[in-house]
Amino acid sequence: MEHENIQDIYELSPLQEGILFHCTYAPELSSLYLIQMALSLRGKLNVHAFHRAWQEVVNRHTSLRTSFYWEDIEKPVQIVYKQVTVPLKQHDWRGREPVEKRKRLEAFLEEDRKQGFDLSQDFLIRLNLFHFSESYYEFVFSAHFIIADGWSLALIFQEVGQLYQAFCQGRDISFAASSSFGDYIAWLQKQDLSKAEVFWRQKLKGLKSTTSLTNLYADNLSSQEETVAHQLTYLS
157 MEHENIQDIY ELSPLQEGIL FHCTYAPELS SLYLIQMALS LRGKLNVHAF HRAWQEVVNR
217 HTSLRTSFYW EDIEKPVQIV YKQVTVPLKQ HDWRGREPVE KRKRLEAFLE EDRKQGFDLS
277 QDFLIRLNLF HFSESYYEFV FSAHFIIADG WSLALIFQEV GQLYQAFCQG RDISFAASSS
337 FGDYIAWLQK QDLSKAEVFW RQKLKGLKST TSLTNLYADN LSSQEETVAH QLTYLS
């Protein structure tokens with residue numbers, strides 16, 4: 157840990173604490189918190205502008221520059237770094253047969269999921285770009301759920317797209333100042349939890365029975381995956 161590169165340190169949200177607990181005490185389930193997106197990009201990609209767009213987005217959002225520390229302290233904390241260099245790993249597969257490309261990509265996706273993330277590292281995102289042909293790329297985005305959920309990812313990808321377009325056109329773009337996740341943690345710590353308890357006890361006082369959980373003992377639950385299809389993005 158480079159102390160001079162530390163921007164802020166604060167506690168975790170209750171949800172983050174739960175995720176950290178699962179990942180540290182049941183590592184075999186940590187893959188459940190891996191977000192992996194494979195996107196097909198059609199058109200002539202400006203790789204430099206694409207990489208620069210990702211760097212700018214990471215520069216904007218503190219949660220994307222965050223790692224976690226929990227050993228030998230009473231409560232775990234998250235550490236925000238001032239600067240993080242975003243690596244974009246490129247794979248040139250243009251000389252390979254189409255069937256081989258697809259098999260190799262599927263193998264990569266599986267291995268990437270197995271790899272998971274070390275939450276103590278300063279960058280919990282992986283960016284991999286596969287060059288299939290002059291006008292066809294596969295982009296694989298992997299991140300840990302503890303730093304970004306689905307709603308956040310939609311905003312992140314939107315910003316990347318806007319920045320990419322601007323950089324390709326030779327212009328800069330500015331966004332409204334991004335709020336810090338630390339501000340939310342500070343707000344959360346000021347809340348009166350006793351009032352929340354009174355509210356929910358009142359709200360649930362008529363509840364007479366518990367809710368049954370389906371598939372609680374399903375076999376191979378941790379190996380089940382969810383697949384979502386994405387529309388192709390044409391770059392030119």
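First residue of the sequence shown? That's 157 in the working numbering, and the numbers climb one at a time after it.
Here a beta-carbon is modelled for each residue, glycine too, at the ideal position from N, C-alpha and C.
Inter-residue spacing [alpha-carbon to alpha-carbon] between residue i and residue j
{"i": "LEU360", "j": "ALA352", "result": "12 Å"}
{"i": "TYR237", "j": "HIS287", "result": "31 Å"}
{"i": "SER298", "j": "PHE337", "result": "20 Å"}
{"i": "GLU173", "j": "HIS204", "result": "37 Å"}
{"i": "GLN325", "j": "ASP248", "result": "25 Å"}
{"i": "LEU285", "j": "LEU244", "result": "7 Å"}
{"i": "GLN321", "j": "GLU212", "result": "13 Å"}
{"i": "GLU167", "j": "ARG221", "result": "15 Å"}
{"i": "PHE264", "j": "SER169", "result": "32 Å"}
{"i": "VAL240", "j": "ASN215", "result": "8 Å"}
{"i": "SER334", "j": "THR218", "result": "9 Å"}
{"i": "GLU158", "j": "ILE229", "result": "19 Å"}
{"i": "TYR181", "j": "ILE329", "result": "43 Å"}
{"i": "PHE323", "j": "ALA304", "result": "25 Å"}
{"i": "TYR292", "j": "LEU311", "result": "24 Å"}
{"i": "SER350", "j": "LEU344", "result": "13 Å"}
{"i": "GLU253", "j": "LYS259", "result": "10 Å"}
{"i": "ALA342", "j": "SER365", "result": "36 Å"}
{"i": "THR367", "j": "ARG357", "result": "17 Å"}
{"i": "SER186", "j": "ILE162", "result": "26 Å"}
{"i": "LEU363", "j": "PHE331", "result": "46 Å"}
First and last residue of the uninterrupted beta strand (DSSP E) at residue i
{"i": "PHE288", "result": "281 to 289"}
{"i": "GLN271", "result": "Unbroken run through GLN271 is the alpha helix (DSSP H), 254 to 271; no beta strand (DSSP E)."}
The alpha helix (DSSP H) enclosing residue i, as first and last residue numbers
{"i": "VAL316", "result": "306 to 324"}
{"i": "LEU244", "result": "Per DSSP, LEU244 belongs to no alpha helix (DSSP H); it is in the beta strand (DSSP E), 244 to 248."}
{"i": "GLU353", "result": "349 to 359"}
{"i": "GLY337", "result": "The sequence shown places Phe at residue 337, rather than the Gly named in the question. Looking at the DSSP string, the run of the alpha helix (DSSP H) that includes PHE337 is 337 to 345."}
{"i": "GLU158", "result": "Run containing GLU158: none; DSSP gives neither H nor E here."}
{"i": "HIS207", "result": "203 to 216"}
Close Cβ partners of residue i (< 7 Å) along its chain, the five nearest in sequence each way excluded
{"i": "VAL316", "result": "ALA209, TRP210, VAL213"}
{"i": "GLU294", "result": "ALA194, SER196, LEU261, PHE286, PHE288"}
{"i": "ILE175", "result": "TYR189, PHE301, ILE302"}
{"i": "GLN271", "result": "none"}
DSSP beta-bridge partners of residue i
{"i": "GLN192", "result": "SER298"}
{"i": "PHE147", "result": "The question about residue 147 has no answer, for the chain in this structure spans 157 to 392."}
{"i": "TYR395", "result": "Examination of residue 395 is not possible in this model, given that the chain is present from 157 through 392 alone."}
Contact set for residue i: own chain, Cβ-Cβ below 6 Å, skip 5 residues either direction
{"i": "LEU188", "result": "none"}
{"i": "GLN246", "result": "LEU285"}
{"i": "ASN202", "result": "CYS324"}
{"i": "VAL296", "result": "ALA194, ASN284"}
{"i": "HIS207", "result": "LEU244"}
Spatial neighbours of residue i in its chain, beta-carbon cut-off 8 Å, leaving aside the 5 residues before and after
{"i": "VAL233", "result": "ILE165, TYR166, GLU167, LEU168, PHE224, TYR225, TRP226"}
{"i": "HIS178", "result": "LEU185, SER186, LEU188, TYR189"}
Item to check | At least 3 beta-carbon pairs within less than 8 Å: the segment 225 to 234 vs the segment 182 to 200 | outcome: No: fewer than three Cβ pairs fall under 8 Å.
Checklist entry - Counting Cβ pairs closer than 8 Å, one from the segment 297 to 315 and one from the segment 277 to 284, do we hit at least three? => result yes
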